[in-house]
Amino acid sequence: MNRILFGILVVVTTSLMGSSFAVGKIGLAYFSPLLLVGLRFTLAGLIMGAWVWKKPLPKSAGDWGKLCLIGFLQTAAVMGCIFLSLRTITAGESSILTFMNPLLVVIWGTVFLGISYRLPQWMGVLIGLVGVFITLGFHLQWETGTLFGIGSALAWSMATILVKKWGVRFHVWVMTAYQMLFGGILLLVMGFTLETPKLIVTPTAVFVVLWLAIMASIVQFATWFYLLNHGDPGRTSAFLFLAPFFGVLSGWVLLGEVVQWHVYVGGLLIFAGIFLVNWTFAPRRQVREKAQLAE
C-alpha cells in the first residue's frame, strides 16, 4: 500500500477509535452502557448490511460461523467490556487498557501464526506500552472496570488474529457489516437482560448514537479491517498506540480535561515505539524466503 495512503488511513481510524471513548462517556448520561453500544452496532450493521447485500456473501454455515465469532469478539466482547469499564474508571484509563492490544497481537501472532518478530519490534511494542501508561499519568486504579478494560484488550487481540487468518474469505465490507450486526444484536439482548435499561431521548443523545454508529463504527471498522488485510497484523496493530493519545486529546476538547506534561512525554514514546515496530519490519521467515529466492 502507498505509504501516504496508509498513514492517512491510520490517522483516520485511530482518531475515530480514540474519540469514541469521550463520545461514549457523554452518551452514558442518556443510555445504559450495553444498550448504548448495542444500539450503536445494530444500527451500523443494518446500514452497512443494506449497502452490501448485493456483494458476495458467505456461502457456507462454517463461514457464517466465523463471522459470528469475529462479531462476538470484535464487537460484543470488546465494546461491551469497554462500556462496562466506563462505569467505574475514566475514559482515559479504559482506552489505555484496551489498546494494550498490539503487545498481545505480537504474542498471538508468534504463537498461532508462526510469525517471528525481531528484537526492535518487541522493544517498540514495550516502549509504546510504557508511553501509553505515561500518557495516562503513571498510574491505574484497580477497579472492576480495570478487569473489563483488560478483557477488551484480550478480545480485540484474538479478533485481530482471526481477521488476519480468515479475512481473505470475505469481502471486507461484508465482514464489517455482519460482524457489527451479529455483535450489536447480542449486545442489545445483553442490554435488556443483564442491566436495567436507561434511555433518555434528546438531540444530543441522537447525535451520540449516530456518530458512534456511522463514523466510529462503519468508517472506523471498515478502515481497520482494510488495513489488517493489507499488512502484517503486528505491524498494523502497533499504530493502535495512537488511539489512546487521540483519546486524551478528544477528552480535552469534548470533556474539558486538562492535558498535562506527561501526555506529551507519553506521546513521544508512543511515536518512538511505532517507529521501532515499523523500522525495517519483516518477519524472519519472510526474510529467509526472500534470501532463498535470491539464491
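Counting along the sequence shown from 1, when you hit position 62 you're at 62 in UniProt numbering, and nothing is skipped either side.
Yeah, the Cβ is synthetic: ideal placement off N, Cα and C, and Gly gets one too.
Small disclaimer: the values here were computed from a predicted structure and weren't measured.
Three-state secondary structure (DSSP) of residue i
i: L57; result: coil
i: L199; result: strand
i: S15; result: helix
i: F239; result: helix
i: N229; result: helix
i: R288; result: At R288, the pLDDT of 47 sits below 50, so the modelled position is not reliable and the matter cannot be decided from this model.
i: L147; result: helix
i: H171; result: coil
i: A260; result: Strictly speaking, residue 260 in this sequence is Gln, with Ala absent from that position. If DSSP states are grouped into helix, strand and coil, Q260 belongs with coil.
i: L194; result: coil
i: A205; result: helix
i: A282; result: Because the pLDDT at A282 is just 47, under 50, the model does not fix this residue reliably, and the point stays unresolved.
i: L293; result: Residue placement at L293 is poorly supported in this model, since its pLDDT is 38, which falls under 50; the coordinates are not used for a value here.
i: R3; result: helix
Exposed unless 16 or more other CB atoms sit within 10 angstroms - verdict on residue i
i: T202; result: exposed
i: T236; result: buried
i: N2; result: exposed
i: K25; result: buried
i: Q286; result: Here Q286 scores only 49 on pLDDT, less than 50, and its place in the model is too uncertain to base an answer on.
i: F112; result: exposed
i: F182; result: buried
i: V11; result: exposed
i: W53; result: exposed
i: T135; result: buried
i: I82; result: buried
i: L51; result: Sequence inspection shows Trp at residue 51; the Leu mentioned does not correspond to that position. Its Cβ having fewer than 16 others within 10 Å, W51 is exposed.
i: L194; result: exposed
i: G131; result: buried
i: Y117; result: buried
i: W261; result: exposed
i: I96; result: buried
i: G7; result: exposed
i: V106; result: buried
Own chain, CB closer than 7 Å to residue i, minus 5 neighbours either side, in chain order
i: V163; result: I70, F225, L228
i: S217; result: R40, F41, A44, M180
i: K55; result: H171, W173, V174
i: L16; result: M215, A216, V219, Q220
i: G80; result: L34, V37, L187, M190
i: T196; result: S32
i: C68; result: F182
i: S250; result: G18, S19, A22
6 Å CB neighbourhood of residue i in its chain, flanking five on each side removed
i: V78; result: S152, A155, W156
i: G38; result: G184, L187, L188, G191
i: M158; result: L73
i: F133; result: none
i: L276; result: P120, M123, G124
i: L84; result: P33, F148
i: A222; result: T176
Residue nearest to residue i in terms of C-alpha spacing, selected from the options
i: L5; options: L276, V248, F275, H230; result: H230
i: V208; options: T14, V11, A29, P197; result: A29
i: M180; options: T160, T135, A76; result: A76
i: T98; options: G145, G7, I200; result: G145
i: W63; options: K165, G149, L9, W51; result: Here residue 63 is Asp; the residue named in the question, Trp, does not match the sequence. When each option's Cα is compared against that of D63, the closest is K165.
i: S94; options: P102, I274, V248; result: V248
i: L255; options: K66, A61, S85, A91; result: A91
i: F21; options: P120, H262, L268, W211; result: W211
i: G267; options: W252, L242, F275, L276; result: L242
i: T204; options: G7, D232, G27; result: G27
i: F271; options: L126, G251, T88; result: L126
i: V253; options: V23, Y178, L103; result: V23
i: T88; options: K59, E143, I107; result: E143
i: Y178; options: G7, I8, P58; result: P58
i: W108; options: D232, A61, G251, Y264; result: D232
Min CB distance residue i to chain B below 8 Å
i: A272; result: The displayed structure is made up of one protein chain only, and chain B is not part of it.
Cβ neighbours of residue i in the same chain (closer than 8 Å, five flanking residues each side left out)
i: V168; result: N229
i: K198; result: Y30, F31, S32, L35
i: A213; result: L39, R40, F41, L43, A44, I47
i: F246; result: T14, S15, M17, G18, S19
i: G65; result: none
i: I274; result: G124, G128, A238, F239, F241, L242
i: N101; result: A153, W156, S157, T160, S237, L240
i: G49; result: A177, Y178, L181
At 4 residues or longer, what runs of the alpha helix (DSSP H) sit wholly inside the UniProt domain "EamA" (6-136)? 33-52, 61-71, 78-85, 91-98, 101-112, 119-136
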